[in-house]
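This report refers to the structure that appears directly beneath it.
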Amino acid sequence: MICIDNSEWMRNGDYAPSRFQAQADAVNLICGAKTQSNPENTVGVLTMAGKGVRVLVTPTSDLGKILACMHGLEIGGEMNLAAGIQVAQLALKHRQNKKQQQRIIVFAGSPVTHDKKVLEMIGKKLKKNSVALDIVNFGEDDEGKKEKLEALLTAVNNNDTSHIVHVPAGPNALSDVLISTPIFTGDGEGGSGFAASAAAVAAVSMEEERARQEAAAKKAAEEASEQDVTMTERSSEGPSGADNKKNEIPDDDNTLLQQALAMSVDEPASTQDLQDTEISDAAAEDPELALALQLSVQDSTKDSSTEADMSKLLADQSFVSSILASLPGVDPNDPSVKEVLASMQNQSESQQKQDEDQAPEKKEGK
Amino acid sequence: MSAAESATSIQKNQVDLLDFIDWSGLECLNQSSSHSLSNALKQGYREDEGLNLESDADEQLLIYIPFTQVIKLHSIVVTGSEEEGPKTVKLFANREHMGFSNVSDFPPSDTAVLSPDNLKGKPVVLKYVKFQNVRSLTIFIEDNQSSSEITKVQKIALYGSTVETTDMKGLKKIEDH
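Protein chains in written order, with UniProt numbering: chain A, 1 to 366; chain B, 1 to 177.
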């Protein structure tokens, strides 16, 4: 159940184009993600300000209905957080499928007028009834708001099922910041929906970069030449580890491997493009990591120095397949692996032709 | 009603209904995640004094136990410590998905106020007539002996008998020749 803040404070333009618009975009994205990730998910929306708390749509899996109700929303009044959460709880109680887990997502953009005690009691009540709560703290940041919301989170949190995100004003859109948070990815669901979204892939590769940095930092003490191989290996393992968390398809090794490969292959390619930015970023954090990155970039460049963009990927393929061979349990001659590798190369027509035959076969097999 | 009965109130024909509990449908509201319902119900766990079912945010607990077949419930045993063990226990037969907010909406099928004897293992005999056709049982633990913040339940055992019903899960499809 999503609680929207449509109070007067939402007119402010510190989030582009306006707080309210940024919030609406984020809500639309969340609704889309939730309904896509599991067809049995339902989402409802209510507003907390205006004349009073008003439920716009009760939990439904019909995305069109949800998005339609977001149109024509008026800004005004003051947000009543406590009432909003309580009405949301009531709406969830009357959901049709009692087996569904209950969750409330609150957008707290205006100042919070309630006492910390009141919020804690509400949190306790939510926890007692096994309702999880996600809080998006944005907009106004008056004194005590952050502490109050954190107190609310601690009261309701049970085994990390509830989360809070503080989004400061700035160039990043509210939705972009939210995409990479557990609010979006939600306890392990939502993986398949993301594969399509380019924005999500960008955020995911950001996370992979972080995972890779962690892994690389560990190995930073060892020889630099070995580090390339290990780092790429680690990065394929790293993303598959992270993907595991995010995707509920751990059974299908091939899919994981595909995504891991996508990350590894994309990274050398993108690193070449954004060489300067990434290295300077990394350098800020870890000089050893910067050295490692440079080495890996140089390695890939060396491999493909004489060839065109298209062949760069081919070279990466041989590089990657040698990595694959070293990865346990992967046979590079496996047709599905070959298909994955080939699908990486959009421009390589001969490969594509060969694999077009394999792909429909494989797809049917799946 | 649940006045002093002899310890032999587990009469013949009353079996421990442990085997008929549908474990996949068990629910418990307000339980602490490290001290869950299985500590009180499962064979072995419930005998272990170190493993309890504990409440989380406050002292109330709402336990939902579905059965794999229809049973008649004769008595229950609820054990716990003298201070933190449950006191008032309300039982609802065949009510699905209750929440703390609707426990007062309808009267319970039976209420038991547990004495220290009960907490040591003496069974509470229930109003048998109310529990003739039970598909699911909801146990609402309203408070505990010393009104402390947390209620601790060491064991919950249910005694009764079965009514001959078909276990749908056991039905096998007839093979067409």
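C-beta: ideal position from N, C-alpha, C; glycine also.
Given the structure is predicted, the values throughout are model-derived calculations rather than measurements.
In this structure Pro86(B) touches Val153(B) by the C-beta definition: roughly 6 Å separates them, less than 8 Å.
Against chain B, the beta carbon of Ser130(A) has neighbours under 7 Å at Leu29, listed in chain order.
In the displayed model, Tyr45(B) falls within coil according to three-state DSSP, outside both helix and strand. In the structure shown, Pro17(A) adopts coil according to DSSP, grouped into three states. Here Thr185(A) carries a helix assignment [DSSP, helix/strand/coil]. Closer than 8 Å at the C-beta level to chain B, one finds these residues of the segment 82-108 of chain A: Lys93 and Lys98. Spanning the alpha carbons of Ala24(A) and Met70(A) requires a straight line of approximately 7 Å.
Spatial neighbours of Glu82(B) in its own chain (CB-CB distance under 7 Å, excluding positions within 5 residues in sequence) are listed in chain order as Pro116, Leu119 and Gln145.
Closer than 7 Å to the CB of Gly99(B) there is at least one CB belonging to chain A. From the listed residues Ala88(A), Leu29(A) and Asp134(A), the smallest Cα separation to Val57(A) is found for Ala88(A). In this structure Asn52(B) touches Ala40(B) by the C-beta definition: roughly 7 Å separates them, less than 8 Å. When Cβ-Cβ separations below 7 Å define contact, Ser33(B) makes contact with chain A. Contacts with chain B at 7 Å (Cβ-Cβ) do not include Lys148(A). In this structure, DSSP gives Pro39(A) a state outside helix and strand, which the three-state scheme calls coil. When secondary structure is reduced to three states using DSSP, Phe107(A) falls in the strand class. Contact note: Asn159(A) reaches chain B through Ser33, using a C-beta cutoff of 9 Å and chain order. Per DSSP, reduced to three states, the secondary structure at Lys90(B) is strand. Nearest to His166(A) by alpha-carbon distance, out of Lys146(A), Ala151(A), Gln102(A) and Lys98(A), is Lys146(A). Here the alpha carbon of Thr181(A) sits roughly 11 Å from the alpha carbon of Ile135(A).
Per DSSP, Ser161(B) is one residue of the beta strand (DSSP E) stretching across Lys155 to Thr162. In its chain, beyond the 5 residues on either side, Asp25, Ala26 and Leu29 have a beta carbon closer than 6 Å to the beta carbon of Ser175(A). In chain order, Lys124 and Lys128 make up the part of chain A whose C-beta sits under 8 Å from the C-beta of Asp58(B).
Counting other Cβ atoms within 10 Å of its Cβ, Ala57(B) reaches 16 or more and is therefore classed as buried.
Per DSSP, the beta-bridge partners of Cys3(A) are Leu46(A) and Val106(A).
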